[in-house]
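Numbering (the numbering used here), first residue to last: 126 to 190.
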């Protein structure tokens, strides 16, 4: 559940940054696409890192036993 909240917060932050860019007169659609792409990709990368660390901890605990 906590991971879902992290994804949601990061998505909202990147979306707001894109909206602010549009609001301040940057009309290039490329900038909006970059922020939209980042709001989808960055949370996935962060979650993958968390999953790998969790798997590594589990392996370390198994090796200690």
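Beta carbons are placed, not taken as given, at the ideal position from N, Cα and C, and that holds for glycine.
Closest by CA to residue 131, which one among 167, 141, 183 and 182?
Cα-wise, what sits closest to residue 131 is 167.
Hey, residue 128 and residue 161: beta-carbon distance below 7 Å or not?
Taking 7 Å as the Cβ cut-off, residue 128 and residue 161 do not qualify as a contacting pair.
Taking all protein chains shown into account, do 16 or more other C-beta atoms lie within 10 angstroms of the C-beta of residue 174, making it buried, or fewer, making it exposed?
Exposed is the call here.
Can you give the Cα-Cα distance for residue 135 and residue 164, rounded to whole angstroms?
Spanning the two alpha carbons is a distance of roughly 6 Å.
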